[in-house]
Ligand code: IPM
Ligand code: MG
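Residue numbers (my numbering): 3 to 362.
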């Protein structure tokens, strides 16, 4: 029976980059004779506009049935004033938690061709290969109670709850330890155990797992220091594991080390390896609809999908090789452009990858 891939272009530059990724998917399906079926559904602002809610039942149903999902991005100023309970982001968070996609892998790899594009000195980032493992369905993003309430004196008070249970910490820990084992064998767990009890427990569970994974070298770091170390000496890290909110913040910082957030793919996996794949860049409303966005993160997300959910390592490697050669040949979207290179649009970048892919 054929496997099903669900495309969720979403908002902003989402549809533009997913269009290019889809070209590449169609191409590898025919080239490698893959039995994969592509479907498309609405999510985020696009779904609000047509159905009134960010995650329609029909989308959730297709997502449940799919073997893997490719998401563009959600959100934008058009929906900023909307009721908080149906903001576009709720669609994304609902999918993550509805499908129990707790394991978020965010690699930050500096392609040698782009070391100059980073805002850090070239020698600090050249050769960087870091993996951030972020817990994605718990922590302060989902903790209850939450809300904005009125105090007796009439003043408003906002509140959220930062909670993690042992089992939640353990399952993300295992994802990270397993990943470290396949890489350089070093894992840094990031917490705020000097202040927050929830992360005292986090550290305890990581230590317990560390005794089981004796071949992995485990260290701990407070999140404020981790932010500083990422900028000071990023190559000291191999794998970092952290909770939902710290991971959100640190992964944006790590993205800039690589030259452009437009290069970074990500995977969000459930316990069985089913996954949703998305570029890390978000909807970038300022450049939406201008054919300017970098589609490489979306294309590299397809490679991650082949590797992690479909077990097609050879296809993943071929896509990654095509992207590298495209950079070698000097194609650059505006976010990674500098003098001497070929400035291309979103669709021209997709076409370049596609034509190089057909030649390798
Ligand atoms: C991310 C994004 C999301 C998050 C938003 C869009 C809800 O920033 O994937 O990093 O905070 O998780
Ligand atoms: Mg983020």
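The beta-carbon is built from N, C-alpha and C at its ideal position, and this holds for glycine as well.
{"Item": "Compare the C-alpha of residue 46 against each of 346, 64, 10 and name the closest.", "Value": "10"}
{"Item": "Determine the direct distance from the alpha carbon of residue 156 to that of residue 263, and round the result to whole angstroms.", "Value": "43 Å"}
{"Item": "Is residue 137 near ligand 1 - that is, is its Cβ less than 7 Å away from at least one heavy atom of it?", "Value": "no"}
{"Item": "Nearest to residue 360 by CA position, among 29, 24, 7, 5, is which residue?", "Value": "29"}
{"Item": "What are the start and end residues of the beta strand (DSSP E) that includes residue 75?", "Value": "70-75"}
{"Item": "Compare the Cα-Cα distances from residue 68 to each of 122, 43, 58 and report the closest residue.", "Value": "43"}
{"Item": "Only counting runs of 3 or more residues, tell me where the beta strand (DSSP E) segments fall wholly within the region 115-155, in order along the chain.", "Value": "131-137, 149-152"}
{"Item": "Sort 113, 105, 318 by Cα distance to residue 177 and report the nearest one.", "Value": "105"}
{"Item": "In this structure, how does DSSP classify residue 280 when only helix, strand and coil are distinguished?", "Value": "coil"}
{"Item": "State the start and end residues of the unbroken beta strand (DSSP E) segment that holds residue 235.", "Value": "Segment: none, residue 235 is in no beta strand (DSSP E) and carries neither H nor E."}
{"Item": "So for residue 90, helix, strand or coil by DSSP?", "Value": "helix"}
{"Item": "Would you say the beta carbon of residue 85 is closer than 7 Å to some non-hydrogen atom of ligand 2?", "Value": "no"}
{"Item": "Below 8 Å between beta carbons: does that hold for residue 298 and residue 265?", "Value": "yes"}
{"Item": "Under 8 Å, do residue 231 and residue 188 count as touching if we go by C-beta distance?", "Value": "no"}
{"Item": "For residue 1, verify whether its CB is less than 7 Å away from any heavy atom of ligand 2.", "Value": "Residue 1 falls outside the range modelled here, since the chain spans only 3 to 362, and no answer is possible."}
{"Item": "Hey, could you find the ends of the alpha helix (DSSP H) residue 180 is sitting in?", "Value": "168-184"}
{"Item": "So if DSSP puts residue 7 in a beta bridge, which residue, or which two residues, is it bridged to?", "Value": "40, 70"}
{"Item": "Can you tell me which of 100, 193, 51 puts its alpha carbon nearest to the alpha carbon of residue 89?", "Value": "51"}
{"Item": "Could you check where the beta strand (DSSP E) with residue 15 kicks off and where it finishes?", "Value": "First-last for residue 15: undefined, no H or E at that position."}
{"Item": "What residue range is occupied by the uninterrupted beta strand (DSSP E) comprising residue 191?", "Value": "188-193"}
{"Item": "Alpha carbon to alpha carbon, what distance is there between residue 115 and residue 228?", "Value": "26 Å"}
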